[in-house]
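Trainee: In order, the protein sequence lines correspond to chains Y and X. Quick note on numbering: the first sequence equals residues 1 to 385 in our numbering. Quick note on numbering: the second sequence equals residues 1001 to 1128 in our numbering. Quick reminder that beta carbons are idealized off the backbone N, C-alpha and C, glycines included. This structure is a prediction, so every number in the text was calculated from the model and none was measured. Please see the structure below; I have some questions.
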Amino acid sequence: MNRRVYLDHNASTPVHPEVVAEMLPYFSDVYGNPSSVHGFGRDARAAVDAARDRVAAFLRVRPEELVFTSGGTESDNFGVKGLALARGSGHVITSRVEHHAVLRSAQALEAQGFTVTYLPVDQYGMVDPDDVRRALRPDTIAISIMHANSEVGTIQPVRAIGALARDAGVPFHVDAVQTFGKVEVDVHAMNIDALSFSSHKIYGPKGIAGLYIRRGTKMVSIQHGGEHERRRRAGTENVPGIVGLGKAVEIRARDMKAEAERVSALRDRMWEGIRARVPDVRLNGHPTERLPGTANVCYRNVESESIVLGLDLKGIAVSAGSACTAGSVEPSHVLVAMGVPLDWAMGAVRSSLGRSTTTEDVDFVVASVTEVVSRIRQAMPVGAA
Amino acid sequence: MRYSPTLVDHFLNPRNAGLMRDADGSGSDEYAGCGDLTRFYLKMRAGCLAEARFQAYGCGPTIAAASVATELVAGRAVEDLLVLKAQEIEDALDGLPEDRKHAAEVAAGAMRAAALDALRRRPGNREA
Ligand SMILES: Cc1ncc(COP(=O)(O)O)c(C=O)c1O
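Below you can see the structure in the form of structure tokens.
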């Protein structure tokens, strides 16, 4: 079989075998509804409680401050809309480089009469805490800034922003979907009131995630129904998913640090390799404040999708930084916000490394990228952009 | 794979890629929607295409469409190139997904432009 290399861990990850093993009994043996009072239900409830305890211990928060949701998207919707709607009206601060789950939630709030400030970022994709300070108004009711950006990997100064939010008495939501279980997240030191986290980015199953809500934070539900999750999120719990998330978190607590170092070294090796062999390239994102495994590289005057196709044909999975849908290309909103010129932004390719990535993988990718990009450039019109 | 083996082959092994300095005609077309750009250079002999080369910027299908077009139209009379249709290029690629049809359109448009240029520059043409 041909070599296959998966470098799209920011999109999703394979479920860890230990996680799969832990989940399996909860499909066919322990299948009761956690809300049921009988033994079957109690067994399921015990599993949900145990998983919640594991996640709470990892985040160093109280178990009752955690709400399980169906994914990072729901957590972001809940975090942003839940804080805003609980306050009825007012002003929300976020940034231009948020995930669409936050950006579109903010837009939905605008449609309901809230006002929203979308803060700019610098060339590295970083929000300036001073901009947050300047954007604060008497009617500001929520701040939502992501921890790390999924496209370029830049880690935001959430500690400084959290301090500002706390001083101003404004609740602070952080989308930590890309950092949870990868780098240190400290909701206390960072003064975070609501934190979105997810399972399938850290070798857990898809369809399960969570929102930490600091005790005492005023918040409304966005999904209504039964009394689940202390009446904050209705719906029968995804028991196998919650069990899997709990196990995934436990493994991350054990492996996170060593893996971050290993993956970061591989990422550097890859970028150094590409930079040495391919002309007209640039690495996007902050040079030091960044996710360990993410490398977003622009190939000037080459179209991302042709590189992604060329690599796919070699068995390498990466993702394009610009998307051509129905004949119109949209460069990434993140790269646009960073001021990356169009002739570069159109050629952005994101690689995100993970626990299975090896040195051989990285060297194969470097050789493949070199070949694919030079072949495409041979056919390139002079001065095209 | 959403692309045909023929398309993939032309993407991986582009035929006649690159600049032609002494072309008898050249022309390009672009697709504003996504910045795709294709340019052809034609060498004519006795009113027929002797050699074509292309340069293309765009997604995989755009590069493949330009490549296949250079083979498709080999030997044709310049007048025939003036009416080249996108469908013919698409057929030569064994089809294109709905959202990539523009790849063939850009290639056809560029080929027609190059043919028109060759016709204008033909010795004996008063405009030349
Ligand atoms: C930063 C960030 N937030 C939110 C999400 C949404 O997560 P999901 O697609 O699992 O709902 C993602 C997923 O890519 C992400 O990277």
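Could you tell me whether the Cβ of residue 1087 of chain X comes closer than 9 Å to any Cβ of chain Y?
Mentor: So no, residue 1087 of chain X is outside the interface.
Trainee: Would you call the segment 245-265 of chain Y and the segment 175-182 of chain Y in contact, with 3 or more CB pairs under 8 Å?
Mentor: Taking 8 Å as the limit for Cβ pairs, the verdict is that the segment 175-182 of chain Y does touch the segment 245-265 of chain Y.
Trainee: Beta carbon of residue 349 of chain Y, beta carbon of residue 321 of chain Y: below 9 Å?
Mentor: Their beta carbons are under 9 Å apart, which means residue 349 of chain Y touches residue 321 of chain Y by this criterion.
Trainee: Is it buried or exposed for residue 81 of chain Y, if we count other Cβ within 10 angstroms and need 16 for buried?
Mentor: The residue in question, residue 81 of chain Y, is buried, as its Cβ has 16 or more Cβ neighbours within 10 Å.
Trainee: Ordered along the chain, which non-local residues of its own chain (more than five positions away) have a Cβ less than 7 Å from that of residue 1024 of chain X?
Mentor: Excluding residues within five positions, the ones whose Cβ falls inside 7 Å are 1042, 1043, 1044, 1118 and 1121.
Trainee: Does residue 318 of chain Y come out as helix, strand or coil in the three-state DSSP assignment?
Mentor: Correct three-state label for residue 318 of chain Y: coil.
Trainee: Would you give the residue range spanned by the alpha helix (DSSP H) that residue 363 of chain Y belongs to?
Mentor: Where residue 363 of chain Y is concerned, the enclosing alpha helix (DSSP H) stretches over 359-378.
Trainee: Quick one: is residue 189 of chain Y buried, meaning 16 or more other Cβ sit within 10 Å of its Cβ, or exposed?
Mentor: With fewer than 16 other Cβ atoms within 10 Å, it is exposed.
Trainee: Just list the alpha helix (DSSP H) runs in the segment 1025-1094 of chain X, keeping only unbroken ones of 4 residues or longer that don't cross its boundaries, in chain order.
Mentor: With a minimum length of 4 residues, the continuous alpha helix (DSSP H) runs that stay inside the segment 1025-1094 of chain X are 1060-1072, 1078-1081 and 1086-1092.
Trainee: Taking just the CA atoms, how far does residue 296 of chain Y sit from residue 135 of chain Y?
Mentor: Approximately 29 Å between the Cα atoms of the pair.
Trainee: Since residue 114 of chain Y and residue 92 of chain Y are thought to touch, with beta carbons under 8 Å apart, how far apart are those beta carbons, to the nearest angstrom?
Mentor: The pair is a contact, with the Cβ atoms about 6 Å apart (cut-off 8 Å).
Trainee: Apart from the five residues on each side of it in sequence, which residues of its chain come closer than 6 Å, Cβ to Cβ, to residue 409 of chain Y?
Mentor: Outside the displayed span of chain Y (1 to 385) sits residue 409 of chain Y, for which this structure offers no information.
Trainee: Are the C-beta of residue 1065 of chain X and some C-beta of chain Y separated by less than 9 Å?
Mentor: Not closer than 9 Å to any Cβ of chain Y, the Cβ of residue 1065 of chain X fails to qualify, so no.
Trainee: Would you kindly work out how many angstroms separate the C-alpha atoms of residue 368 of chain Y and residue 266 of chain Y, rounded to a whole number?
Mentor: Near 16 Å, if we compare the C-alpha coordinates of residue 266 of chain Y and residue 368 of chain Y.
Trainee: Going by CA-CA distance only, name the one from X/1047, X/1089, X/1053 and X/1116 that's closest to residue 1106 of chain X.
Mentor: The residue with the shortest Cα to Cα distance from residue 1106 of chain X is X/1089.
Trainee: Anyone know if the C-beta pair for residue 154 of chain Y and residue 148 of chain Y falls short of 9 Å?
Mentor: Against a cut-off of 9 Å, the Cβ pair of residue 148 of chain Y and residue 154 of chain Y comes out as a contact.
Trainee: Of all Cβ atoms in chain Y, is any one closer than 9 Å to the Cβ of residue 1092 of chain X?
Mentor: Taking Cβ atoms only, chain Y never reaches closer than 9 Å to residue 1092 of chain X, which makes this a no.
Trainee: Answer with buried or exposed for residue 205 of chain Y, where buried requires no fewer than 16 other C-beta atoms within 10 angstroms of its C-beta.
Mentor: Classification of residue 205 of chain Y: buried, given that the 10 Å Cβ count is 16 or more.
Trainee: Evaluate the contact criterion for the segment 1020-1038 of chain X versus the segment 1083-1101 of chain X: three or more CB pairs, one atom per stretch, below 8 Å.
Mentor: No, because fewer than three Cβ pairs between the segment 1020-1038 of chain X and the segment 1083-1101 of chain X fall closer than 8 Å, the two stretches do not touch.
Trainee: Which whole-angstrom value describes the C-beta separation of residue 71 of chain Y and residue 276 of chain Y, a residue pair presumed to lie in contact below a C-beta threshold of 8 Å?
Mentor: In fact, because the Cβ distance is near 39 Å, the residues do not count as touching under 8 Å.
Trainee: Take residue 248 of chain Y as the anchor and find which of Y/355, Y/62, Y/27 and Y/3 has the nearest alpha-carbon.
Mentor: Closest by alpha carbon: Y/355.
Trainee: How should residue 201 of chain Y be labelled, buried or exposed, when 16 other C-beta atoms within 10 angstroms of its C-beta is the threshold for buried?
Mentor: Label assigned to residue 201 of chain Y: buried.
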